[in-house]
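Written out below as structure tokens is the structure these notes cover.
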Amino acid sequence: MKSIISAFFKRELTYRFLYKTDLYIIILVPILNIISFYLLGKFANAFSYFDMDVSAIRFIVFSVLIFYFSWEIVNNIISSIVEQKKILMHYLETPATIYHMLIGSLFVGIIQSFLFMTIQLIILNDFMNLNLSIITFLFLIILMTLSLISFIGISLIISGLSIWIKRTNYLFEISRILTIIFSAVLYSPYVLPKIFQKLIYFFPPALYIEMSRQLILFEKIPEIKLLIIFIIFSIILFLVGYFIFSYSLLKARKTGKITAL
């Protein structure tokens, strides 16, 4: 009897907790948000020491605007995968159709994002007197276009994992929070631990946000070296996403099913 009770509690506290509920995710998301707000508070307290000729509000507003421009594209692609999983099931034997669907979702996301970014820049230009030069605006367009490579890679990774890995309900939310934290969206990279200050140059979204922020707020043209690093690691991130997504489709075709999202 004792062994039966022990086995019951062991099963309830391990298998059901880890695989049948979202409790561990419900705990993880607030922790990640707390870390993000802690770094934001640390940045706010130390802002005056960075010798920046810009207000903290302006710094954060443009950072969030830059980030959500590209994240809208990620959201659009992933939403397409989640909402059309039945279509994916129907076309498991023709993966080319799935890629066509993704490309369509991608273009919709790009159009929405560019419209959103343009409207926001026009509004903020009136309220904050941006007065961006033509050169600055052109470089911003170039950075936004290049950023699509890395953000498409992220969306392919998340979409690929969502196809065949169970318990991915909060995968998108966690990915978004982690990207915000490690891309220093709400604060300067200088408030991150030193090791992350160096790694930020190898994480394309972080590099994109920092270069765009410097371009909009200080009209500082990105260095050629940073642009090369940005392009190389964006391509690497895209290739990783492509292979993960392709492998997920291959596994789905072999098993004949896609797990619940």
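With the working numbering applied, the sequence shown closes on residue 272, and no number is skipped along the way.
Beta carbons: idealized from backbone N, C-alpha and C, even for Gly.
Predicted, not measured: the structure shown is a model, and the values here were computed from it.
Item: Buried or exposed: glutamate 234, going by 16 or more other Cβ atoms within 10 Å of its Cβ?; Value: exposed
Item: If I follow the unbroken alpha helix (DSSP H) through proline 215, where does it start and stop?; Value: 215 to 229
Item: Find out if the Cβ-Cβ distance for the pair glutamate 230, serine 158 is shorter than 9 Å.; Value: no
Item: Could I get the ranges of all uninterrupted alpha helix (DSSP H) runs contained in the segment 141 to 214, with 4 residues as the minimum, in chain order?; Value: 145 to 175, 182 to 193, 205 to 210
Item: Thinking C-alpha only, which one of Phe150, Leu154, Ile122 is nearest alanine 217?; Value: Leu154
Item: Nearest CA to the CA of isoleucine 160: which residue from Ile146, Phe150, Pro200, Leu248?; Value: Leu248
Item: DSSP state of isoleucine 122, grouped into three classes?; Value: helix
Item: To the nearest angstrom, report how far apart isoleucine 255 and isoleucine 168 are at their CA atoms.; Value: 6 Å
Item: Less than 9 Å between the C-beta atoms of isoleucine 77 and tyrosine 212, yes or no?; Value: no
Item: What three-state label does DSSP hand isoleucine 239 in the structure shown?; Value: helix
Item: Using CA coordinates, which residue listed in Ile152, Ser186, Tyr198 is at the minimum distance from isoleucine 165?; Value: Ser186
Item: With DSSP as the reference, label isoleucine 255 as helix, strand or coil.; Value: helix
Item: If you check the beta carbons only, do phenylalanine 162 and tryptophan 82 fall under 9 Å apart?; Value: yes
Item: Check isoleucine 232 in the structure and name its three-state DSSP category.; Value: coil
Item: Since tyrosine 79 and glycine 171 are thought to touch, with beta carbons under 8 Å apart, how far apart are those beta carbons, to the nearest angstrom?; Value: Not a contact, Cβ separation roughly 23 Å.
Item: Could you check if threonine 156 is buried or exposed, using at least 16 other CB atoms within 10 Å of its CB as the buried criterion?; Value: exposed
Item: Can you tell me the Cα-Cα spacing of phenylalanine 148 and serine 223, whole angstroms?; Value: 10 Å
Item: Quick one, are the C-beta atoms of proline 215 and serine 245 less than 9 Å apart?; Value: yes
Item: Determine whether the beta carbon atoms of leucine 151 and leucine 228 lie at a separation below 9 Å.; Value: no
Item: Leucine 197 and isoleucine 188: beta carbons closer than 9 Å?; Value: no
Item: Using only the alpha-carbon positions, how far apart do isoleucine 232 and serine 173 sit?; Value: 38 Å
Item: With a threshold of 16 other CB atoms inside 10 Å of the CB of leucine 203, please say whether the residue is buried or exposed.; Value: buried
Item: Please work out which residues of its chain come closer than 7 Å, Cβ to Cβ, to isoleucine 242, disregarding the five sequence neighbours upstream and downstream, and give them in chain order.; Value: Leu157
Item: Could you round the C-beta distance between glutamate 221 and alanine 195 to whole angstroms and report it? I think they count as a contact, below 8 Å.; Value: 7 Å
Item: Under 8 Å Cβ to Cβ from isoleucine 240, same chain only, skipping five residues before and after it: list those, please.; Value: Tyr212, Phe213, Leu218
Item: Between which residues of its own chain and isoleucine 146 is the CB-CB distance below 8 Å, once the five residues before and five after are set aside?; Value: Ile232
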